[in-house]
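Just so you know, we're using our numbering here: the sequence shown kicks off at 69 and counts up by one.
Yeah, the Cβ is synthetic: ideal placement off N, Cα and C, and Gly gets one too.
Some notes on the structure that comes next.
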Amino acid sequence: MTLSGDTVVRLTGGVTTYTGVMSGEGVFTVGGTGTLVLVKNSDFSLPSERRRQKIVTVGGNHPVSTIENPDPPAVIVQRGATLQYGAGTGEDGIIGHFAQAPGMSLNTLNHQIDGTLDLAVHRQVDLGVISGSGLVKQRRSTWPGIELPGTHPFSGTLYVGTGADYGSVNYLTAMPHVRKVVNQGSFIHNAPDGEVVTDAADIYSQYYGNDINFHTWGSGVVRMSGVYSWSDNGSDTDPALSDPSRNFATVPHRDNKRGINIEGATVTWGDGTNNRFFLPGNENTVYLNMHADPSGARSVLKFDYDGPVTLDAPISGGKYHDTMADVGRGDVVIAATRGNAVTFTAPQNYDGDTTIGEGASLRLGDGSPRGDSSLLRTGKIVDNGELIVQNATGGAELARIGGKGSVTQAGPATTTLTGELSYTGRTTVKAGTLAVTGGSLTASTAVDLPAAGATLDLARAGDQTVNNLSGAEGSTVVAGRKLTVRATAATTFGGALNAADGVTKTGAETLTLTGKHTTPDGTWTVREGALALGGSVQARQLAVEPAGTVRATGTVQGAVDNAGTVEATGMTVRGAYTQRPGARLTATRMSVTGAVKLAGTFAPAPAQSPGVIIDNQGTDQVSGTFDGLPEGAAVGALRLSYHGGDGNDVVLTGSSGAISSDTTTSQAAAVSSFGPSSWWFWAAGALVLLIAVVLLVRRRSRDRN
69 MTLSGDTVVR
79 LTGGVTTYTG
89 VMSGEGVFTV
99 GGTGTLVLVK
109 NSDFSLPSER
119 RRQKIVTVGG
129 NHPVSTIENP
139 DPPAVIVQRG
149 ATLQYGAGTG
159 EDGIIGHFAQ
169 APGMSLNTLN
179 HQIDGTLDLA
189 VHRQVDLGVI
199 SGSGLVKQRR
209 STWPGIELPG
219 THPFSGTLYV
229 GTGADYGSVN
239 YLTAMPHVRK
249 VVNQGSFIHN
259 APDGEVVTDA
269 ADIYSQYYGN
279 DINFHTWGSG
289 VVRMSGVYSW
299 SDNGSDTDPA
309 LSDPSRNFAT
319 VPHRDNKRGI
329 NIEGATVTWG
339 DGTNNRFFLP
349 GNENTVYLNM
359 HADPSGARSV
369 LKFDYDGPVT
379 LDAPISGGKY
389 HDTMADVGRG
399 DVVIAATRGN
409 AVTFTAPQNY
419 DGDTTIGEGA
429 SLRLGDGSPR
439 GDSSLLRTGK
449 IVDNGELIVQ
459 NATGGAELAR
469 IGGKGSVTQA
479 GPATTTLTGE
489 LSYTGRTTVK
499 AGTLAVTGGS
509 LTASTAVDLP
519 AAGATLDLAR
529 AGDQTVNNLS
539 GAEGSTVVAG
549 RKLTVRATAA
559 TTFGGALNAA
569 DGVTKTGAET
579 LTLTGKHTTP
589 DGTWTVREGA
599 LALGGSVQAR
609 QLAVEPAGTV
619 RATGTVQGAV
629 DNAGTVEATG
639 MTVRGAYTQR
649 PGARLTATRM
659 SVTGAVKLAG
669 TFAPAPAQSP
679 GVIIDNQGTD
689 QVSGTFDGLP
699 EGAAVGALRL
709 SYHGGDGNDV
719 VLTGSSGAIS
729 SDTTTSQAAA
739 VSSFGPSSWW
749 FWAAGALVLL
759 IAVVLLVRRR
769 SRDRN
């Protein structure tokens, strides 16, 4: 048949087979109802006045061809009609006029499919630029498949029965309006160097055994922003899933099993504008393999969503369905998109790095007994967002965490950090135990244990430093030998610190402790800044260095050696108190059970009233005095004594000379304070005693009468 203009074949039902060929110029249209089968190849041209498209090739040594200003369609299949290429057994039966481009042949006869195009040829098929809203269907077992070069306005359904190439090393593909894709074979996505190939379609599988494969070259990227789901109802033109949970269920013949193979490619799931996750399923219904390509290029999988998504299957590196037969060869990236919250609920089996972008999070485990996850220790974690571990039953070991992000332990199962730890964000233990067995938390800006039962276990990590420690009552920090707490911001820790050799406080800001801390053989040192002690510390000694301050209302079960500043308000020292030259004491009251040795300075609290400053509960006298404050020295409107109370307390007396204690004022203290010039006091006392004796004698005399 020779076309000499636009030609319409109107079908009237049934199947019509055309054994001839078409040539000439024009547009070939199939309408009506029924099927037209072509069994020989045809080649014709558009009329010259309609031809305008150009094939443009760029890229030098890596050429990429595109179609600019596409021609109008030369083949049209109207709604209700079916055009079938091939009889299902051979290579012939297509319509095409081909132009050569580097690495490929481009069909210049574009197709508009509003009905159905049934591809039943066993050869590679190029349909030019596809438009329309119908069904393009490639039959199963018709290798090698469809090529899709160009940007296609097609808004219908693409049915991949065997294989389809979406992009290649030599061309780009875009199908921004395609409604759905049915994948019954291998849907192969490719991106050439320096290009991003995007597929936004929802992809459905109907039977066991299909997959989506990815290949990229150089800096090429494939981005998938739809959903790859099973279809258990609907039609070829409108596949659907009756219930989203069916993607995770065990079904007859495992028909919902589908897979991903990343072949040394860089792939992104999501476009940062929604949280419709690309691969819903678990280890029984999906597989996900990352391989290195023959050149050694490793795979990269990036997650880019703006809300929470969950991967319920392992990323591994086996062959097709046998995914756990080998480890995955590649890296995982959680894109720096605000709200991008990715959860893994299966143990991961890839050997590369894991990167968490700023504003994003990766959660290992969902807190359920079957939702635990982990990462291999072969790769490092670059955490610029938030890493959360929430395993319920199985612990996870994580190595080499860096970046400026935070780490949160949120599940009851223990998480162990090994290797180098250089991340600078916050460390939070919300539940369970976070154990450090290698590396140090020195770079982490803060450590917080906000819940009772939360434990930070540093026992196997040697001497450790933590910054800006905070926590709730009932939380615990267990150190191996020595623990240093650096405060660059004021914090409060209500839990317990346990360190065999003691705790050192550094940093200019205040650390407030309200819990009970047991280190009986250790030394606590306040090197700089302030330690506000509201709870209790059991230690061999609490040493306050010259740049350090202790503000205490609580108890030290051990000696206190003050070379800095002690501000005591009801402080109890169950041991000796020694104040060094140059040190300072500000106190309203403190109790000491051991020896008291004084030097340095004393400053009363504002509005200080008379009373006991140091309740010396030992038997020895106070040794030494404060600088410039001998016995009886004036301290503002008051006077200082080292022999007050029961004789060995440090007290402040009123200006009248009466020495105040918490019980009664001893006459001995009064004599010491008043001196011989107070003879009238003794005379008045004797007169009162004489009057009392006279009255008593007269009363007894009356009683005898």
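- Beta-bridge pairing by DSSP links residue 209 to no other residue.
- One alpha carbon belongs to residue 109, the other to residue 178, and they sit about 15 angstroms apart.
- A direct Cα-to-Cα measurement between residue 605 and residue 356 gives close to 54 angstroms.
- Classified as buried, residue 573 has 16 or more neighbouring CB atoms from the shown chains inside 10 Å of its CB.
- In this structure, the beta-carbon distance from residue 100 to residue 119 does not fall below 7 angstroms.
- Your pair residue 555 and residue 533 does not check out as a contact, with CB atoms roughly 11 angstroms apart and the cut at 8 angstroms.
- Here residue 414 is near residue 441, since their CB atoms are less than 7 angstroms apart.
- Counting only residues of its own chain and dropping the five nearest sequence neighbours on each side, residue 128 has no CB closer than 6 angstroms to any other CB.
- For residue 331, the secondary structure class from DSSP, reduced to helix, strand or coil, is strand.
- Residue 699 has its alpha-carbon roughly 45 angstroms from the corresponding atom of residue 539.
- Across the set 526, 683, 430, the C-alpha of 430 shows the shortest separation from the C-alpha of residue 457.
- Counting C-beta pairs with one atom in each stretch, the region 397-417 and the region 365-383 have three or more that are closer than 8 angstroms, which means they touch.
- With contact defined as three or more Cβ pairs closer than 8 angstroms, the region 544-552 and the region 520-535 are in contact.
- Residue burial annotation: residue 425 is buried, with at least 16 other C-beta atoms found within 10 angstroms of its C-beta.
- A contact between stretches requires three or more CB pairs, one per stretch, nearer than 8 angstroms, and the region 674-692 meets this requirement with the region 656-666.
- For residue 452, the three-state secondary structure derived from DSSP is coil.
- Runs of the beta strand (DSSP E) lying entirely within the region 522-570 and spanning at least 3 residues, in chain order: 523-526, 532-535, 537-539, 544-547, 550-554, 559-561, 564-566.
- Collapsing the DSSP output to three states places residue 596 in a strand.
- DSSP places residue 146 in no beta strand (DSSP E); its state is neither H nor E.
- Within the model, the alpha-carbon separation for residue 382 versus residue 507 is close to 28 angstroms.
- Contact between the region 271-290 and the region 331-346 is established, with three or more Cβ pairs separated by less than 8 angstroms.
- Between the region 236-248 and the region 206-213 there are fewer than three inter-stretch CB-CB distances shorter than 8 angstroms, so the stretches are not counted as touching.
- Note on geometry: alpha-carbon atoms of residue 158 and residue 410 lie some 47 angstroms from one another.
- Remark: three or more beta-carbon pairs, one from each stretch, lie closer than 8 angstroms, so the region 714-722 and the region 666-680 are flagged as touching.
- Classified as exposed, residue 124 has fewer than 16 neighbouring CB atoms from the shown chains inside 10 Å of its CB.
- According to the DSSP assignment, residue 98 belongs to the beta strand (DSSP E) that extends over 96-106.
- If you check the CB distance, residue 668 and residue 651 come in under 7 angstroms.
- Residue state for residue 129 is assigned as coil, using DSSP reduced to three classes.
- Where residue 279 is concerned, the enclosing beta strand (DSSP E) starts and stops at 278-284.
- Residue range 422-424 is occupied by the beta strand (DSSP E) that includes residue 424.
- For residue 78, the pairing in a beta bridge is given by DSSP as 99.
- Note on geometry: alpha-carbon atoms of residue 493 and residue 708 lie some 51 angstroms from one another.
- For residue 365, the CB contacts under 7 angstroms within the same chain, skipping 5 residues up- and downstream, are 332 in chain order.
- About 12 angstroms separates the CB atoms of residue 308 and residue 315; that is not less than 8 angstroms, and the two are not in contact.
- Non-local beta-carbon contacts of residue 103 in its own chain, meaning distances under 6 angstroms to residues more than five positions away in sequence, involve 83, 150, 152 in chain order.
- When only Cα atoms are considered, residue 96 and residue 138 end up about 17 angstroms apart.
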